[in-house]
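Protein chains in written order, with the numbering used here: chain R, 4 to 230; chain Z, 221 to 334.
Backbone N, C-alpha and C define an ideal beta-carbon position, used for all residues, glycine too.
Predicted model only: the values in this text are computed from it and were never measured.
Have a look at the structure below before the remarks.
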Amino acid sequence: APSGARCPACGGAALAPSVQRDVLVELAKRSILAKLRLPDRPNVTQPTSRGALLTALRRMRAQRTDAAASTPHGTVPRLRPGVQEYEVLSFAESGSSTPRSVRLHFRFAPELAGGTEILEAALYLFWAAPGRGTRPVTVRLLQPDPAGLNGTVAGETRLEVRGAGWTALDVGRALQNLSGRGGRRLTVELEAAEDGGCPLLAAHGGSHWPFVAARARARVPRRVRRR
Amino acid sequence: GVDCVGDSRTCCRKEFFVDFKEIGWEDWIIQPEGYHMNYCAGLCPLHMAGIPGLAASFHTAVLNLIKANNADAAVDSCCVPTHRRPLSLLYYDRDSNIVKTDIPDMIVDACGCT
């Protein structure tokens with residue numbers, strides 16, 4: 004405001020109540036989208052089932068409680084205040100499958116791939132009852148490879164599935180690498196040691212849908228110190 | 221901070237709620253049901269400058285009033301948020317993933333004069 008003028012916040016011409024409401028609603032919309040780094044409101048074509056969402060949230064909370072209990076002082080380290088943090092649940096999309104293997108695809112939004120730092124991430128898989136004994140399963144994390152169709156192996160774990168229930172695997176490093184390269188797609192390949200091992204993985208849908216739970220925070224530009 | 225009541229003209233906090241259902245955003249924002257945005261409105265006479273709300277010291281107000289009377293080209297101070305808190309959102313992103321985040325400084329809790 005020019006010198007001697009009134010503060011624009013105080014002295015502006017009053018708007019008609021209906022116009023003022025529209026202006027404020029528009030301001031609220033723009034503010035939320037800008038802070039979420041979304042150019043426009045997302046169009047949700049495949050909403051997750053309520054059961055799957057509630058199960059995923061419960062698993063995340065249980066993991067958090069376990070982590071808090073295992074730290075020396077019984078608390079999860081807190082981040083700096085004011086730094087925007089995200090918790091992301093990415094549910095699997097089905098990919099190709101054979102009698103021995105199945106592929107799951109996870110897609111991450113570009114704003115989470117590029118501008119954020121992945122702090123931790125876990126892949127949750129629910130196994131149906133495998134019958135008697137244990138069943139070995141190999142879990143491979145594949146990242147897209149521009150040169151080939153199969154992708155590059157970012158990690159591999161061998162599991163002995165003993166019974167029905169959830170398994171959580173740390174995929175933080177793989178997701179961090181993916182994020183660093185600006186990648187958006189992570190593929191998980193599950194391979195059983197023998198044919199017919201695939202039914203080990205519970206059917207998709209319902210509340211046993213495989214998912215990745217990740218925690219990320221917005222990258223803060225480094226400060227330059229002057230002495 | 222002071223909440224606006226009736227026709228109050230001095231700096232105060234006006235409540236403003238954006239219902240996500242009303243604006244057609246309930247399909248991608250899972251929680252909460254709306255946004256308590258709120259905003260600051262009202263006049264800030266110069267002797268009120270630097271007072272966060274009306275509960276500050278009487279002496280500060282008197283000193284500011286003296287300063288205001290002596291100023292040649294005084295500019296009114298602004299009615300601005302003095303305390304804000306984050307808005308927690310659980311929403312679907314563009315890939316139908318579910319994201320939970322706390323957006324800092326989104327809800328105006330209190331207003332005061334600069």
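> Quick one: Cα of Ala125/R to Cα of Ser97/R, how far?
Replying inline: Reading the first sequence from its first residue, position 122 is the one you call residue 125/R. Reading the first sequence from its first residue, position 94 is the one you call residue 97/R. Their Cα atoms are separated by approximately 18 Å.
> In terms of alpha-carbon separation, which member of Asn317/Z, Ile327/Z, Met326/Z and Thr334/Z lies closest to Val300/Z?
Replying inline: As a first step, residue 300/Z must be located in the second sequence, where it is residue number 80. Selected option, being the one with the closest Cα: Thr334/Z.
> Along the stretch 222 to 243 of chain Z, what residues have a CB closer than 9 Å to any CB found in chain R?
Replying inline: Cys231, Phe236, Val238, Glu242 and Ile243
>> Residues of the stretch 299 to 324 of chain Z in Cβ contact with chain R at a cutoff of 7 Å, in chain order, please.
In response: Cys299, Val300, Tyr312, Asp313, Arg314, Asp315, Ser316, Asn317, Ile318, Val319, Lys320, Thr321, Asp322, Ile323 and Pro324
>> Along the chain, where does the alpha helix (DSSP H) containing Leu38/R start, and where does it finish?
In response: Counting from one through the first sequence, the residue named residue 38/R turns up at place 35. Per the sequence shown, the amino acid found at residue 38/R is Lys instead of Leu. Unbroken alpha helix (DSSP H) run through Lys38/R: Pro20 to Lys38.
> Tell me which same chain residues have a C-beta within less than 8 Å of the C-beta of Ile250/Z, skipping the five on either side of it?
Replying inline: Stepping through the second sequence from its first residue, residue 250/Z is reached at position 30. Once the five neighbours on either side are set aside, the close Cβ partners of Ile250/Z are Leu310, Tyr311, Tyr312 and Ile318.
>> For Arg229/R and Arg222/R, I'd like the C-alpha separation in whole angstroms.
In response: Sequence index remark: in the first sequence, residue 229/R carries index 226 (1-based). Sequence index remark: in the first sequence, residue 222/R carries index 219 (1-based). In a straight line, the C-alpha of Arg229/R is about 22 Å away from that of Arg222/R.
> What number of angstroms, rounded off, separates the C-alpha of Phe214/R from the C-alpha of Ala171/R?
Replying inline: As a first step, residue 214/R must be located in the first sequence, where it is residue number 211. As a first step, residue 171/R must be located in the first sequence, where it is residue number 168. If you take the alpha carbons of Phe214/R and Ala171/R, they lie about 10 Å apart.
>> My parser needs the alpha helix (DSSP H) runs of 4 or more residues fully inside the stretch 88 to 149 of chain R; what are they?
In response: 113 to 117
> How should Asp315/Z be labelled, buried or exposed, when 16 other C-beta atoms within 10 angstroms of its C-beta is the threshold for buried?
Replying inline: Within the second sequence, numbered from 1, the residue matching residue 315/Z stands at position 95. Buried is the call here.
>> Let me see if you follow: with CB-CB separation under 8 Å, is Tyr127/R close to chain Z or not?
In response: For the purposes of this step, residue 127/R is taken as residue 124 along the first sequence, with counting starting at 1. Not one chain Z Cβ lies under 8 Å of Tyr127/R.
> The beta strand (DSSP E) with Leu263/Z in it runs from where to where?
Replying inline: Locating residue 263/Z in the second sequence gives position 43, counting from the first residue. Looking at the DSSP string, Leu263/Z is not in any beta strand (DSSP E), and its letter there is neither H nor E.
> At what residue ranges does the stretch 154 to 179 of chain R contain a whole run of the beta strand (DSSP E), taking only runs of 3 or more?
Replying inline: 155 to 164 and 168 to 173
>> If the cut-off is 9 Å on Cβ atoms, which residues from the stretch 246 to 260 of chain Z count as contacting chain R, listed in chain order?
In response: Asp247, Trp248, Ile249, Ile250, Tyr255, Met257, Tyr259 and Cys260
> Is the beta carbon of Gln2/R less than 8 Å from the beta carbon of Gly136/R?
Replying inline: Absent from the structure is residue 2/R, since the part of chain R shown begins at 4 and ends at 230.
> Can you find a CB in chain Z that lies within less than 8 Å of the CB of Thr58/R?
Replying inline: In the first sequence, counting from the first residue as 1, residue 58/R sits at position 55. No - not a single Cβ of chain Z is within 8 Å of the one on Thr58/R.
> Is Ala59/R helix, strand or coil when you go by DSSP?
Replying inline: Counted from its first residue, the first sequence places residue 59/R at position 56. Of the three classes helix, strand and coil, the one that applies to Ala59/R here is helix, per DSSP.
>> Considering only their Cβ atoms, is the gap separating Ala216/R from Leu92/R smaller than 8 Å?
In response: Along the first sequence, one-based indexing puts residue 92/R at 89. Along the first sequence, one-based indexing puts residue 216/R at 213. Yes, these two residues count as a Cβ contact at 8 Å.
>> Tell me the residue span of the beta strand (DSSP E) that contains Leu189/R.
In response: Taking the first sequence and counting its residues from 1, one reaches residue 189/R at position 186. Element bounds for Leu189/R: Arg188 to Ala195.
> What residues from chain Z crowd round Ala112/R, counting only those whose CB sits closer than 9 Å?
Replying inline: For this step, residue 112/R is matched to residue 109 along the first sequence. Within 9 Å Cβ-Cβ: Asp313, Arg314, Asp315, Asn317 and Val319.
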